[in-house]
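Here the structure is laid out as structure tokens; the discussion comes afterwards.
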Amino acid sequence: MNISENMVTSRLEKRGITLEKVPFLDMGYWIKKSRFSVGATEEYLLGLYSIQEAAAQIPATLFTNLENKTVLDACASPGGKTVQMANLMNNSGLIVALDLKPRKMFPLVNQLERSRVANTAAYNMDAKEASKLNIKFDCVLLDVPCSGNPITDREWFSKRTLADIHKNARRQRQILAEATKVTKNGGEIVYATCSLEPEENEFNMDWAVKNLPLKIEKIKCYGEKGLTKVFDSILDSSVKKAKRIWPNETQGFFVCKLKKMGNN
Amino acid sequence: MKEIHEFVKQFNVEIPLEEKQIVRKRNRYYLLSDKLNHNAPKGFFYAGDYLGAVKGTGFFPGFALLRMIAKTEATKVILGKKAAWLFICGRDIFKRGLLKQSDLKKDDYVLIMNKNEECLGFGRVMINVREEIDMDKIAVKNILDVGDFLRREKKLSTNKSKK
Chain D
1 MNISENMVTS RLEKRGITLE KVPFLDMGYW IKKSRFSVGA TEEYLLGLYS IQEAAAQIPA
61 TLFTNLENKT VLDACASPGG KTVQMANLMN NSGLIVALDL KPRKMFPLVN QLERSRVANT
121 AAYNMDAKEA SKLNIKFDCV LLDVPCSGNP ITDREWFSKR TLADIHKNAR RQRQILAEAT
181 KVTKNGGEIV YATCSLEPEE NEFNMDWAVK NLPLKIEKIK CYGEKGLTKV FDSILDSSVK
241 KAKRIWPNET QGFFVCKLKK MGNN
Chain F
1 MKEIHEFVKQ FNVEIPLEEK QIVRKRNRYY LLSDKLNHNA PKGFFYAGDY LGAVKGTGFF
61 PGFALLRMIA KTEATKVILG KKAAWLFICG RDIFKRGLLK QSDLKKDDYV LIMNKNEECL
121 GFGRVMINVR EEIDMDKIAV KNILDVGDFL RREKKLSTNK SKK
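Listed below in structure tokens is the structure:
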């Protein structure tokens with residue numbers, strides 16, 4: 001939103017940075033070669049681009065149209081997806097960005113100020129209490145706290161237990177239920193995790209379509225079909241519309257788009 | 001509001017600011033769009049464009065305010081590539097680093113721009129630039145530069161690792 005794509009890529013190339021377009025993203029580039037950190041260039045500090053893992057750039061692109069909408073980013077810090085949505089909205093409309101932990105608010109607002117985001121209000125607030133805001137949202141991004149995956153966390157296997165995964169899955173369902181309450185009828189929710197655990201992904205989507213006024217929407221994006229037969233369980237067939245991104249060129253990721261049923 | 005106007009005046013310009021769109025939260029000022037102003041619930045931590053904060057008896061600007069000032073005829077200097085990089089790294093500017101400048105007088109506040117005329121920050125003029133012949137004299141003292149975003153990140157990660 002602060003410069004055209006061509007201008008920024010040409011400026012980076014002049015600095016000797018080799019870029020390669022990410023084939024499954026409209027506006028994403030892989031850094032193939034750089035002699036210095038791309039998080040310290042003049043262009044970065046001027047907010048002309050942001051850095052985000054390729055798969056993590058998918059969720060924000062799945063909403064039908066964000067311009068002038070009222071949007072909730074329920075677990076926003078450090079703000080990569082908030083900035084991406086503000087860009088897709090051309091700084092119009094309103095984004096409400098929440099994060100639970102006070103210490104996570106500072107990286108979020110640092111990112112917003114650097115990227116010249118002007119349409120966002122950030123709150124130090126638990127996503128499970130979003131209805132206290134008294135707003136109904138057109139679009140809700142749920143990039144929920146999750147167990148992560150071994151690609152981005154080398155100590156993952158020594159750190160994580162099955163109990164953790166179940167605890168996270170419960171918390172994610174609570175956030176999803178609250179998000180459904182604050183979404184307008186006909187509104188869209190994009191649910192995403194960087195976990196590969198079915199409990200935090202397909203099982204939660206199965207639970208959502210069976211317990212909340214939500215249906216899963218078909219999405220066109222990079223990734224494989226969501227699993228519907230897991231650990232001897234047969235899940236709702238619509239769960240296959242979700243996308244599971246196995247770690248390869250990107251980190252592991254899961255994304256699903258849901259629509260709130262009912263008329264406005 | 002008074003603090004913002006007084007700060008802007010130091011660049012010998014004025015900028016139109018709609019008072020009803022500016023919100024003060026503790027010591028910090030934010031400029032809110034109509035949509036934010038009408039629809040964002042109270043109690044935010046941060047909203048809209050951050051204009052700056054009152055610190056002690058002074059006012060310390062945010063980059064959004066500097067960009068607004070940069071759109072006016074405010075006093076500016078344009079830096080070459082190397083001087084721009086040094087400035088972003090928190091360094092002061094030598095006279096030799098100035099590519100283009102207005103008639104700078106000692107103690108003036110000045111906006112620092114790169115060759116693309118993007119605002120990198122601001123500083124205080126330390127010499128009468130036209131009269132000074134020593135190219136290695138510090139011409140502008142760095143007060144704020146965009147490298148601050150990185151320094152803040154570093155500070156945050158240091159604090160995090162201490163905990």
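The listed protein sequences derive, respectively, from chains D and F. Numbering-wise, the first sequence is residues 1 to 264 according to the numbering used here. Numbering-wise, the second sequence is residues 1 to 163 according to the numbering used here. Cβ coordinates follow ideal geometry from the N, Cα and C atoms, glycine included.
- Closer than 9 Å to the CB of R152/F there is at least one CB belonging to chain D.
- One finds F45 in chain F with Cβ atoms closer than 7 Å to the Cβ of M105/D, taken in chain order.
- Within the region 70-103 of chain F, those residues whose Cβ lies closer than 8 Å to any Cβ of chain D are, in chain order, A84, W85 and I88.
- Using a Cβ-Cβ cut-off of 9 Å, A53/F does not count as an interface residue toward chain D, since no Cβ of chain D sits closer than that to its own.
- If you draw a straight line from the Cα of D134/F to the Cα of K95/F, it is about 8 Å long.
- Residue contact with chain F for V144/D: absent (no Cβ-Cβ distance below 9 Å to any residue of chain F).
- In the three-state DSSP reduction, I165/D falls in the helix class (H, G or I).
- For the pair F254/D and D206/D, the Cα-to-Cα distance works out to about 14 Å.
- Of all C-beta pairs linking the region 80-91 of chain F to the region 126-133 of chain F, fewer than three are shorter than 8 Å, placing the two stretches out of contact.
- Of all C-beta pairs linking the region 113-121 of chain F to the region 20-32 of chain F, fewer than three are shorter than 8 Å, placing the two stretches out of contact.
- Between A74/D and L98/D, the beta carbon gap of about 5 Å places them in contact (Cβ cut-off 8 Å).
- When Cβ-Cβ separations below 9 Å define contact, E42/D makes contact with chain F.
- Straight through space, the alpha carbons of I245/D and I151/D are spaced by roughly 12 Å.
- Under the DSSP assignment, W30/D falls in the beta strand (DSSP E) whose first and last residues are Y29 to K33.
- R11/D: member of the alpha helix (DSSP H) spanning E5 to K14, first to last residue.
- Neighbours of T70/D in chain F, taken as residues at a C-beta separation under 9 Å, are given in chain order as K35 and N39.
- By the Cβ neighbour-count rule, P16/F is exposed, with fewer than 16 other Cβ atoms within 10 Å of its own.
- At a beta-carbon threshold of 7 Å, the residues of chain F lying near G93/D are K35, ordered along the chain.
- As a beta-bridge residue in DSSP terms, C139/D pairs with V71/D and E188/D.
- The DSSP-derived three-state label of D148/F is helix.
- Looking at T9/D, K14/D, L66/D and F203/D, the one whose alpha-carbon comes closest to that of L48/D is T9/D.
- Legend: CB atoms of the region 109-129 of chain D lying less than 8 Å from CB atoms of chain F belong to residues V109, N110, L112, E113, R114, R116, A118, N119, T120, A121, A122, Y123 and N124.
- Ranking N91/D, T18/D, L100/D and L62/D by CA distance to the CA of K241/D puts L62/D first.
- D92/F and N2/D have their alpha carbons spaced roughly 27 Å apart.
- Relative to the Cα of L99/F, the nearest Cα in the group D108/F, M113/F, P61/F and F63/F belongs to M113/F.
- Judged by their CB atoms, A70/F and L94/D are not nearer to each other than the 9 Å cut-off.
- Contact with chain D is found for N114/F, since one of that chain's Cβ atoms lies less than 9 Å from the residue's Cβ.
- Where P61/F is concerned, the enclosing beta strand (DSSP E) starts and stops at G58 to P61.
- Under the Cβ criterion of 9 Å, R26/F is not counted among the residues facing chain D.
- Put simply, the backbone Cα of A74/F is about 56 Å away from that of A208/D.
- For E217/D against K181/D, the beta-carbon gap comes to about 19 Å, at or over 8 Å, which does not count as contact.
- Counted as a single uninterrupted DSSP element, the beta strand (DSSP E) harbouring T18/D occupies residues T18 to K21.
- A contact between stretches requires three or more CB pairs, one per stretch, nearer than 8 Å, and the region 115-129 of chain D fails this requirement with the region 161-168 of chain D.
- When secondary structure is reduced to three states using DSSP, I22/F falls in the strand class.
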